[in-house]
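Below is one structure, written out as structure tokens; the observations come after it.
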Amino acid sequence: TEVLIDRTRVWLIARLAASRIGWPVISAFILIIGFTMSELVSAYPTSGGIYWWASKLGGPKAGYYTGWLNLVGLVAIVASVAYGTATFMDYSFSRFSDSWAADYSLRRVFLMFLVILVFVSLVNIFSSHLLAVFNNISVWWHVIGAAAVDQYQTGQPPSPLLIAAGLVMIGADPSDFIDPILSCASAV
Numbered sequence: 173t174e175v176l177i178d179r180t181r182v183w184l185i186a187r188l189a190a191s192r193i194g195w196p197v198i199s200a201f202i203l204i205i206g207f208t209m210s211e212l213v214s215a216y217p218t219s220g221g222i223y224w225w226a227s228k229l230g231g232p233k234a235g236y237y238t239g240w241l242n243l244v245g246l247v248a249i250v251a252s253v254a255y256g257t258a259t260f261m262d263y264s265f266s267r268f269s270d271s272w273a274a275d276y277s278l279r280r281v282f283l284m285f286l287v288i289l290v291f292v293s294l295v296n297i298f299s300s301h302l303l304a305v306f307n308n309i310s311v312w313w314h315v316i317g318a319a320a321v322d323q324y325q326t327g328q329p330p331s332p333l334l335i336a337a338g339l340v341m342i343g344a345d346p347s348d349f350i351d352p353i354l355s356c357a358s359a360v
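For the record, in the sequence shown the residue sitting at position 73 is 245 according to our numbering, with numbers rising by one throughout.
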């Protein structure tokens, strides 16, 4: 059991170090990239974006390849996120409905994937205001989620309200988790 306790202690310390040291360091490097890109944007103010920049900096071939690689990457990312969402939604529905779980098929997941793709496409094409609302929700979701993770990793008992909000966000029933968490928190 001592080995297990030591491994657990090392794991908890490593997670704390990753969130307290690693995250700010990586964020600083990302800011440097952002500052570099903003300098580039101010030097080449155009609506062509990265294709135009690549053409000016590396020639026409660089712009051509940049455009195609960006398009392929965008299609792959959108498709993978939509398929992951369809899989997650199917699994979530299966957790709450036995009849849904009994009728599982990849065809159903694929149809959900197509519906998600059509919905996302229509929102992107016709509703920029709705995208702004989604972006604001995403920001607060990430801020509250990061605060909850940080509060959990510091060893302080998390607030029940924060836990309930996080559980509701992921679609879980908070009443199944609050009592065990509170009993662990009171033991600390």
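Backbone N, C-alpha and C define an ideal beta-carbon position, used for all residues, glycine too. Note that the structure is a prediction, hence the values are computed from the model and not measured.
* **Beta-carbon separation (whole angstroms), A258 vs V281, contact threshold 8 angstroms** => 5 angstroms
field: Cβ neighbour criterion (16 or more within 10 Å) applied to T238
entry: buried
request  = Using a threshold of 8 angstroms, state whether the C-beta atoms of F285 and A254 are closer than that.
outcome  = yes
### Query
Per DSSP, what kind of secondary structure is S293 in: helix, strand or coil?
helix
- Query: If you draw a straight line from the C-alpha of S214 to the C-alpha of W313, how long is it?
  - Reply: 31 angstroms
Per-residue burial, W240 [other beta carbons within 10 Å of its own, 16 or more giving buried]
exposed
Open item on the list: Assuming contact is defined by CB atoms lying nearer than 8 angstroms, are W362 and G206 in contact in what I supplied?
Closed with: Any answer about residue 362 is impossible in this case: the structure gives the chain only from 173 up to 360.
For this session: Go through the segment 225–262 residue by residue and report every complete run of the alpha helix (DSSP H) that reaches 4 residues or more, in order.
Result: none
Legend entry - S210 - containing alpha helix (DSSP H), residue span: 195–215
What is the DSSP secondary structure of D270, reduced to helix, strand or coil?
helix
Q) Buried or exposed: where does D275 fall if 16 or more other Cβ atoms within 10 Å of its Cβ makes it buried? A) exposed
Exercise for review: Buried or exposed for D262, please, with buried defined as at least 16 other CB atoms from any protein chain shown within 10 angstroms of its CB.
Suggested key: buried
Do V311 and L303 count as a contact pair if the criterion is CB distance below 8 angstroms? no
Notebook entry, point to check: So what does DSSP say about S299, is it helix, strand or coil?
Noted result: coil
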